[in-house]
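Engineer: Note that the protein sequences, when read in sequence, are chains A and B. Take 103 as the starting number for the first sequence in my numbering and just add one per residue. Take 3 as the starting number for the second sequence in my numbering and just add one per residue. Take a look at this one; I'll ask things after.
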Amino acid sequence: EPEVTQTPSHQVTQMGQEVILRCVPISNHLYFYWYRQILGQKVEFLVSFYNNEISEKSEIFDDQFSVERPDGSNFTLKIRSTKLEDSAMYFCASNRGRTEAFFGQGTRLTVV
Amino acid sequence: QKEVEQNSGPLSVPEGAIASLNCTYSDRVSQSFFWYRQYSGKSPELIMSIYSNGDKEDGRFTAQLNKASQYVSLLIRDSQPSDSATYLCAGDYNTDKLIFGTGTRLQVFP
């Protein structure tokens, strides 16, 4: 069964460093998303991406964040200068548009 | 403010019983709803989707949507200890994104 894959599963970084989280969405899906979940809190939408551009973003997704689809399979989330409060689980998801979204296994980002 | 509300629980049910999980939403715009199961430290796993008023059944799971009351529920029949997890309700508010509730923790005891 096709699935969304994310790498790495765990990333530890120093405050102020740049991190790139990687995702391979399901191959025939057209919409890609990043969500995050701070420990003990709800899953929060960050950004959606369709047709090689951002279709929607939340208030969390400020200038420190960017997304890219560098080739036909990968979808990345970059955080330019990490803060302690960026520590969270980051989930990539994909769907064919306004249908069920499938989530990857997540990347646990720890900023120290 | 578009929100999805859930009781955080825990909801404790004995093995074999029916677990009833509920969710309300704040805006009549929302059209589609999704139930996800999340085990501790893991990612959300899609259980059910429901797009129109009424009931939708899939195995031991039944999702119910009542748009007039802005209410969504998930029934789990013959609950098993392996069903113990946090159940997340999410609505799309007719957009491409999902807005999640805080989740209800379900505990099924033998």
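Beta carbons: idealized from backbone N, C-alpha and C, even for Gly.
Excluding the 5 residues preceding and the 5 following Gln82/B in the sequence, name in chain order all residues of the same chain whose CB lies nearer than 7 angstroms to its CB.
Structural biologist: Closer than 7 angstroms at the Cβ level, and outside the excluded window around Gln82/B, lie Glu17, Val110.
Engineer: Taking only beta-carbon atoms, is Glu161/A less than 9 angstroms away from chain B?
Structural biologist: So, not an interface residue.
Engineer: So the candidates are Thr212/A, Phe205/A, Arg210/A, Thr209/A; which of them puts its Cα closest to the Cα of Tyr133/A?
Structural biologist: Out of Thr212/A, Phe205/A, Arg210/A, Thr209/A, Phe205/A has the C-alpha closest to the C-alpha of Tyr133/A.
Engineer: Against chain A, does Tyr89/B count as a neighbour if the rule is that its beta carbon must be under 9 angstroms from one of theirs?
Structural biologist: Not an interface residue.
Engineer: Rounded to a whole number of angstroms, what is the C-alpha to C-alpha distance between Tyr73/B and Lys58/B?
Structural biologist: Distance between the alpha carbons of Tyr73/B and Lys58/B is about 14 angstroms.
Engineer: List the residues of chain A that Ile101/B touches, going by C-beta distances under 8 angstroms, in chain order.
Structural biologist: Those within 8 angstroms of Ile101/B in chain A are Phe147.
Engineer: Tell me, which residues are paired with His112/A by DSSP?
Structural biologist: Answer by DSSP bridge pairing, in chain order: Arg210/A.
Engineer: So which residues of chain A does Phe36/B contact, with C-beta pairs closer than 8 angstroms?
Structural biologist: Correct list: Glu202, Ala203.
Engineer: Do Arg124/A and Asn176/A have their beta-carbon atoms positioned less than 9 angstroms apart in this structure?
Structural biologist: A contact, by the Cβ cut-off of 9 angstroms.
Engineer: In the DSSP assignment, the beta strand (DSSP E) including Asn68/B goes from what residue to what residue?
Structural biologist: Where Asn68/B is concerned, the enclosing beta strand (DSSP E) stretches over 63-68.
Engineer: Counting contacts by CB-CB distance shorter than 9 angstroms, is Glu103/A in contact with chain B?
Structural biologist: No - not a single Cβ of chain B is within 9 angstroms of the one on Glu103/A.
Engineer: Does the Cβ of Ala195/A have 16 or more other Cβ atoms within 10 Å, making it buried, or fewer, making it exposed?
Structural biologist: The residue is buried, with at least 16 neighbouring Cβ atoms inside 10 Å.
Engineer: Can you confirm whether Gly93/B, when its beta carbon is compared against all beta carbons of chain A, has any partner nearer than 9 angstroms?
Structural biologist: False, the Cβ-Cβ gap to chain A never drops below 9 angstroms.
Engineer: Is the shortest distance between the beta-carbon of Thr64/B and the beta-carbons of chain A less than 9 angstroms?
Structural biologist: No, Thr64/B does not count as interfacial toward chain A.
Engineer: Which whole-angstrom value is the C-beta distance of Leu90/B and Tyr38/B, which I expect to be below 8 angstroms?
Structural biologist: With a Cβ gap of about 4 angstroms, Leu90/B and Tyr38/B count as contacting.
Engineer: Which chain B residues are close to Ser129/A, counting only those with a beta carbon under 9 angstroms from its beta carbon?
Structural biologist: The contacting residues do not exist; Ser129/A stays about 18 angstroms from chain B at best.
Engineer: State the start and end residues of the unbroken beta strand (DSSP E) segment that holds Leu13/B.
Structural biologist: Residues 13-16.
Engineer: Might you give, ordered along the chain, the residues of its own chain that have their beta carbon closer than 6 angstroms to the beta carbon of Pro127/A, omitting 5 neighbours on each side?
Structural biologist: Answer for Pro127/A: Val106, Phe134, Phe177, Ser196, listed in chain order.
Engineer: Does any CB atom of chain B fall closer than 9 angstroms to the CB of Phe193/A?
Structural biologist: Taking Cβ atoms only, chain B reaches closer than 9 angstroms to Phe193/A, which makes this a yes.
Engineer: Residues of chain D with CB under 8 angstroms from Thr104/B, in chain order?
Structural biologist: Looking at the structure shown, chain D is missing, and the protein chains on hand are A and B.
Engineer: Is Glu47/B close to chain A, meaning its C-beta is less than 9 angstroms from at least one C-beta of that chain?
Structural biologist: Chain A contact via Cβ: present.
Engineer: Express the C-alpha separation of Arg30/B and Asn68/B in angstroms, rounding to a whole number.
Structural biologist: Rounded to the nearest angstrom, the two C-alpha atoms are 11 angstroms apart.
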